[in-house]
Amino acid sequence: MSSSTASLTVTADAELVFVPAPGMGHLKSAVELAKLIIQRNHRISIVILIINIPTTTSLINDFVHSQSRNNPYPTHLTFMTLPPLSNPPERSSPDFMRILIELHEPLVKQAVEERIRAGSSKLAGFVLDMFCTNMIDIATNLNVPAYIFFTSGANMLSLMFHFQSMNDEGVFDLTKDHISPNAEFDVPGFVNRVPEKVLPAVLIDKESGVPMLLNLVRGLRRSKGILVNSFTELETSGVQALLDQATEGGSIPAIYPVGPILELDSGSQGEDHVSILQWLDKQPSSSVVFLCFGSMGSFDANEVKEIANGLEKSGHRFLWSLRKPPSAGTTQPSQDQTFVEALPEGFVDRTAKIGKIISWAPQVSILSHPSVGGFVSHCGWNSTLESMWFGVPVATWPLHAEQQLNAFELIKELGLAVEIRMDYRHDWKTRKANFVVTAEEVENGVQKLMSLDEETKKRVRQMRDEGRKALEDGGSSHMSLARFIQDVLTFE
Numbered sequence: 015m016s017s018s019t020a021s022l023t024v025t026a027d028a029e030l031v032f033v034p035a036p037g038m039g040h041l042k043s044a045v046e047l048a049k050l051i052i053q054r055n056h057r058i059s060i061v062i063l064i065i066n067i068p069t070t071t072s073l074i075n076d077f078v079h080s081q082s083r084n085n086p087y088p089t090h091l092t093f094m095t096l097p098p099l100s101n102p103p104e105r106s107s108p109d110f111m112r113i114l115i116e117l118h119e120p121l122v123k124q125a126v127e128e129r130i131r132a133g134s135s136k137l138a139g140f141v142l143d144m145f146c147t148n149m150i151d152i153a154t155n156l157n158v159p160a161y162i163f164f165t166s167g168a169n170m171l172s173l174m175f176h177f178q179s180m181n182d183e184g185v186f187d188l189t190k191d192h193i194s195p196n197a198e199f200d201v202p203g204f205v206n207r208v209p210e211k212v213l214p215a216v217l218i219d220k221e222s223g224v225p226m227l228l229n230l231v232r233g234l235r236r237s238k239g240i241l242v243n244s245f246t247e248l249e250t251s252g253v254q255a256l257l258d259q260a261t262e263g264g265s266i267p268a269i270y271p272v273g274p275i276l277e278l279d280s281g282s283q284g285e286d287h288v289s290i291l292q293w294l295d296k297q298p299s300s301s302v303v304f305l306c307f308g309s310m311g312s313f314d315a316n317e318v319k320e321i322a323n324g325l326e327k328s329g330h331r332f333l334w335s336l337r338k339p340p341s342a343g344t345t346q347p348s349q350d351q352t353f354v355e356a357l358p359e360g361f362v363d364r365t366a367k368i369g370k371i372i373s374w375a376p377q378v379s380i381l382s383h384p385s386v387g388g389f390v391s392h393c394g395w396n397s398t399l400e401s402m403w404f405g406v407p408v409a410t411w412p413l414h415a416e417q418q419l420n421a422f423e424l425i426k427e428l429g430l431a432v433e434i435r436m437d438y439r440h441d442w443k444t445r446k447a448n449f450v451v452t453a454e455e456v457e458n459g460v461q462k463l464m465s466l467d468e469e470t471k472k473r474v475r476q477m478r479d480e481g482r483k484a485l486e487d488g489g490s491s492h493m494s495l496a497r498f499i500q501d502v503l504t505f506e
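In this text, residue positions in the sequence shown follow the working numbering: the first is 15, and each later residue adds one.
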């Protein structure tokens, strides 16, 4: 959300320390939340501590520099990049992210203590990323509250609490007991039983995923409250299930649904950005299907051929973010190189009048364009919220993390999407998928997406309107954020 750039004349008397996880999706959401809080109450200032991953340092630094240059609240919003680790963990380690964040704990403590000694605004608390719960100890030692910014949805949060409870109460040992492929679970907040095939990847990885999840959720329970990047109208039963548990003396902390928190500013428009929008300008309204699989999404040559053949057979206009898979020693696909060499022979020439292949995708600009009528998505939560914000229907193709659960929610719980697959998984370690999605499945999915029934289109449009209303004065998320701000300012 873009914020007013009016200069602030009120001096802040309460400071929040934000610690986002070192991923662009987490960082961008945290920055937007910080701006929204300051916009709503000028008594609060915020310092955002930046953790860098060695392999993505330039990407994060470029973003931080851009935000600093265009900071709408220079007296109230500060960015502080933490010094690099002298001995960073091995990137290939399955516990890389957990270890990286734990190693930054003394750096965060030092940075905050230096600000306190410098006599800046009174420290009012921490807002920690969902992966930074180990830093609650810093807040405890400083006698201030620690809140969590949960960057996924309410139903995902409910599922995490539910499975951790089952484990700790001895109902099910997640570290040892086998989950049957046919198993289904009753989870608070879900209307339908949740099948094993869409459980988040951490619940399947017993070696490192489950221990990390259990520790993370136990940390969430220790926080003062959890800000959730969702809104009541989208996940009504999920939000209510959490609020019920968080009542006085409840089993979980206070819950604040404050979403959708989105970065809607596309930033500078380079040549590629401009050429993409110029191409879209020439297409009929709602005629283009957009394929994009997030910052970590890529496919091998065989899968690319299946997608291409399915797209061509569908006959629909398309804009496809097709990025080269990560090279040896890296984890992210190329930002500026397409994977055209994997396409079937003659594909580019045959589809030249109806399709465009791109590498990096300015997703917000594309989804907001009137020519785009459907989105083949990996169902990352930020992308899900963006599709809802612009009223663009989704065809699901999850890859990692909790994306399978998000796809299940969109299709089965909310009726806001169609399925290409919701049980596809791409393994981080082996870089292999559990199966290949066929050209026929791609063709059928695109056809369903681009010829949606009027009832589904109506639900998508309604959710677009509800998301915007939630942030307006008197809206559900507006009121929830007001409750959070009041709790911060009145904490003794």
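Backbone N, C-alpha and C define an ideal beta-carbon position, used for all residues, glycine too.
Are the CB atoms of residue i and residue j nearer to each other than 7 Å?
i, j, result
"LEU463", "GLY388", "yes"
"ASN323", "ALA453", "yes"
"ILE425", "GLU433", "yes"
"HIS392", "LEU419", "no"
"HIS440", "ALA431", "no"
"MET144", "ILE162", "yes"
"ASN169", "GLY252", "yes"
"LEU294", "HIS383", "yes"
"SER490", "ALA496", "no"
"MET226", "ARG112", "yes"
"ILE193", "GLU221", "no"
"LEU91", "LEU121", "no"
"ILE328", "GLN461", "In the sequence under discussion, the amino acid at residue 328 is Ser, which differs from the Ile named in the question. In contact: SER328 and GLN461 (Cβ atoms closer than 7 Å)."
"ARG337", "VAL302", "no"
"VAL201", "HIS176", "yes"
"VAL126", "GLN81", "no"
"TYR270", "PHE505", "no"
"LEU241", "SER172", "no"
"GLY273", "SER244", "yes"
"GLN297", "SER385", "yes"
Starting from the C-beta of residue i, find all residues in its chain whose C-beta is less than 7 Å away, skip the five residues before and the five after it, and write them out in chain order.
i, result
"ASN101", "none"
"PHE361", "ALA322 and GLU326"
"MET436", "VAL212, THR410, PRO412, GLN418, ALA421, PHE422 and ILE425"
"HIS118", "ILE65 and LEU96"
"ILE130", "LEU137"
If you draw a straight line from the alpha carbon of residue i to that of residue j, how long is it in whole angstroms?
i, j, result
"PHE32", "VAL61", "6 Å"
"GLY39", "ILE74", "11 Å"
"ILE65", "LEU137", "20 Å"
"MET174", "VAL231", "7 Å"
"SER312", "VAL354", "13 Å"
"THR19", "SER59", "Summary for THR19: the model assigns pLDDT 45, below 50, so the residue's position carries little reliability; its value from the coordinates is reported in the next sentence. Rounded to the nearest angstrom, the two C-alpha atoms are 15 Å apart."
"GLU249", "THR165", "14 Å"
"SER17", "ILE150", "Bear in mind that the predicted position of SER17 carries a pLDDT of just 44, short of 50, making it too unreliable to give a figure here."
"VAL2", "MET402", "Shown here, the chain extends from 15 to 506; a query on residue 2 therefore has no answer."
"ASN196", "LEU217", "15 Å"
"TYR438", "GLU423", "15 Å"
"LEU357", "PHE140", "48 Å"
"SER135", "VAL158", "14 Å"
"THR147", "ARG236", "9 Å"
"GLU468", "VAL474", "10 Å"
"ASN396", "THR444", "25 Å"
"ASP258", "LEU234", "16 Å"
"ARG83", "ILE52", "17 Å"
Since residue i sits in a beta bridge, which residues does DSSP pair it with?
i, result
"ASP6", "The displayed coordinates of the chain run from 15 to 506. Any statement about residue 6 would go beyond what the structure contains."
"SER59", "GLU29"
"TYR161", "VAL141 and GLY239"
"TRP515", "It is not possible to answer for residue 515, since the shown part of the chain is limited to 15 through 506."
"LEU91", "ILE60"
"HIS440", "ALA447"
"PRO209", "GLU198"
"PRO271", "VAL242"
Near residue i, which residues of its chain fall below 8 Å by C-beta distance, leaving aside the five closest residues on each side in sequence?
i, result
"ILE290", "LEU333, LYS370, ILE372, ALA375, PRO376, SER379 and ILE380"
"LEU503", "ALA28, ASN55, ARG57, ILE58 and ALA138"
"VAL450", "ASN316, GLU317 and GLU320"
"LYS190", "LYS220"
"MET94", "VAL61, ILE62, LEU63, ILE64 and ALA125"
Short of 6 Å in beta carbon distance, which residues of its chain neighbour residue i, apart from the five on each side in sequence? Order them along the chain.
i, result
"GLN178", "LEU228 and VAL231"
"LEU41", "PRO34"
"PRO108", "SER222"
Quick one: any contact between the segment 359-375 and the segment 404-422, if contact means 3 or more CB pairs under 8 Å?
no
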